[in-house]
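Under our numbering, the residues of the sequence shown are numbered 1 to 234, in order.
Where is the CB? At the ideal position from N, CA and C, for every residue including glycine.
In this text, all values refer to a predicted model and were calculated from it rather than measured experimentally.
The structure appears below as structure tokens.
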Amino acid sequence: MSAPAPVLELEQVTRTYGAGDGALTVLHGVDLVVRQGEYVAIVGPSGSGKSTLLNLAGALDRATAGAVRIGGHELSSFSDAGLSRLRATELGFVFQQFFLLERQTALENVADGLLYQGVRRAERRRRAAEALERVGLGHRLDHRPAQLSGGECQRVAVARALVHEPRVLLADEPTGNLDSASGATVLALFERLHTAGTTIVLITHDGRVADRAPRVVTISDGRIVADECVGATA
Ligand code: ADP
Ligand code: MG
Numbered sequence: 001m002s003a004p005a006p007v008l009e010l011e012q013v014t015r016t017y018g019a020g021d022g023a024l025t026v027l028h029g030v031d032l033v034v035r036q037g038e039y040v041a042i043v044g045p046s047g048s049g050k051s052t053l054l055n056l057a058g059a060l061d062r063a064t065a066g067a068v069r070i071g072g073h074e075l076s077s078f079s080d081a082g083l084s085r086l087r088a089t090e091l092g093f094v095f096q097q098f099f100l101l102e103r104q105t106a107l108e109n110v111a112d113g114l115l116y117q118g119v120r121r122a123e124r125r126r127r128a129a130e131a132l133e134r135v136g137l138g139h140r141l142d143h144r145p146a147q148l149s150g151g152e153c154q155r156v157a158v159a160r161a162l163v164h165e166p167r168v169l170l171a172d173e174p175t176g177n178l179d180s181a182s183g184a185t186v187l188a189l190f191e192r193l194h195t196a197g198t199t200i201v202l203i204t205h206d207g208r209v210a211d212r213a214p215r216v217v218t219i220s221d222g223r224i225v226a227d228e229c230v231g232a233t234a
């Protein structure tokens, strides 16, 4: 059987901030391929370059050198508007902060994830309700963020990231703001989504993830120092 198609490819990617004497290179020639259906945890000390890597993989930032491809599209040829469009259609993002609109219901927050697609309002709401069902919040459609727990807010954010069926879900410390029990619920959700076929790249400090993810990539000082398939069954 041939390997699933790559969804994300980084080839000799370098990122340098600033120029001249003050230039700081924080990623040094990183190679990484993520294939459809994978669940990859990225771990490493604070300041090692994890967020920089995810931002490049998510077309939120441009590499100083090297190539980034998403679904086979090489990013350097895209305009800024083209990158925005690519992000909105091909990628889903979850961050430590939930970035939910306080005055909107869970349903409205998630439906906003489809604004770029030109989907009509009724259809946006139908698909948002479906996405909220997927994250176990079908009974909270009309709640506003203040009426939800932190873990529930993060699950709304996950639903918003998934509502347009992205190729890959990128998450940067998604449990970083949650108590341990809510964090566990969110991690269980990621595992469930992965089992159902979602491709996930997740940055975390949480040892429980590194223990359970099928593949763990370790970054240190801007380099990948380990890339292990740990949970894979033969
Ligand atoms: P991590 O997510 O692993 O904690 P980051 O990717 O956020 O690490 O940061 C890696 C290094 O790059 C750090 O030393 C950080 O200070 C530096 N850095 C991050 N963003 C910028 C920026 N916009 N300008 C200059 N330095 C930055
Ligand atoms: Mg970070």
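Using the three-state DSSP reduction, which class does residue i fall into: helix, strand or coil?
| i | result |
| --- | --- |
| A59 | coil |
| A111 | helix |
| D31 | strand |
| A232 | Here the model assigns A232 a pLDDT of 49, short of 50, so the residue's position is not dependable, and the following value carries that caveat. Of the three classes helix, strand and coil, the one that applies to A232 here is coil, per DSSP. |
| T105 | coil |
| Q12 | strand |
| F190 | helix |
| L91 | strand |
| A196 | coil |
| E74 | strand |
| A97 | Correcting the residue identity first, residue 97 is Gln in this sequence and not Ala. Here Q97 sits in coil by DSSP. |
| L148 | coil |
| D179 | coil |
Would you mind giving the Cβ-Cβ distance between residue i and residue j, rounded to the nearest angstrom? I have them listed as a contact below 8 Å.
| i | j | result |
| --- | --- | --- |
| A159 | A131 | 4 Å |
| H73 | L56 | H73 to L56, Cβ: 14 Å. No contact. |
| V216 | A41 | 5 Å |
| L187 | V209 | 6 Å |
| V43 | T218 | 5 Å |
| V68 | G49 | That belief does not hold up - the Cβ atoms of V68 and G49 are roughly 14 Å apart, past 8 Å. |
| L75 | A59 | 6 Å |
| L54 | V225 | In fact, because the Cβ distance is near 17 Å, the residues do not count as touching under 8 Å. |
| G151 | T185 | 5 Å |
| F98 | P45 | Not a contact, Cβ separation roughly 25 Å. |
| Y39 | H194 | 4 Å |
| C153 | L101 | So it is not a contact: roughly 11 Å between Cβ atoms. |
Excluding the 5 residues flanking residue i on each side, which residues of the same chain have their C-beta closer than 7 Å to its C-beta?
| i | result |
| --- | --- |
| G37 | P4, G197, T199 |
| E90 | I70, G71, P166, R167 |
| A232 | With a pLDDT of 49 at A232, under the threshold of 50, the modelled position of this residue cannot be trusted; read the value that follows with caution. Cβ neighbours of A232 beyond the five flanking positions: P214. |
| V110 | A128, A131, L132, V156, A159, R160, V163 |
| L83 | A59, L75 |
| E173 | Q96, I203, T204, H205 |
In this structure, what does DSSP give as the bridge partners for residue i?
| i | result |
| --- | --- |
| S220 | R223 |
| D172 | I203 |
| A213 | Bridge partners of A213: none, in fact. |
| A159 | None, per the DSSP bridge assignment. |
| P6 | R35 |
| T25 | T16 |
| R67 | Checking the sequence, you will find Ala at residue 67 rather than Arg. DSSP lists E11 as partners of A67. |
| V135 | Partner(s): none; V135 has no beta bridge. |
| A41 | L202, V216 |
Quick one: what's got a C-beta closer than 6 Å to residue i's C-beta in the same chain, skipping five residues either side?
| i | result |
| --- | --- |
| Y17 | L24 |
| G92 | A161, L162, P166, L169 |
| T64 | T14, R15, T16 |
| G66 | E11, Q12, V13, T14 |
| E228 | V216 |
| E9 | V33, R69 |
| R124 | A111, L114 |
| R140 | A106 |
| S220 | G44, S48 |
| Y116 | A88 |
By Cβ distance below 8 Å, which residues in the same chain neighbour residue i in space, the five residues on each side in sequence not counted?
| i | result |
| --- | --- |
| A234 | Because the pLDDT at A234 is just 39, under 50, the model does not fix this residue reliably, and the value given afterwards should be weighed accordingly. Around A234: no qualifying Cβ. |
| D206 | T175, G183, L187 |
| L189 | V135, G136, R155, V158 |
| E191 | Y39, R212 |
Chain-ordered list of residues that sit, by beta carbon, closer than 5 Å to a heavy atom of the ligand ADP: My final list is Y17, V26, S46, G47, S48, G49, K50, S51, T52.
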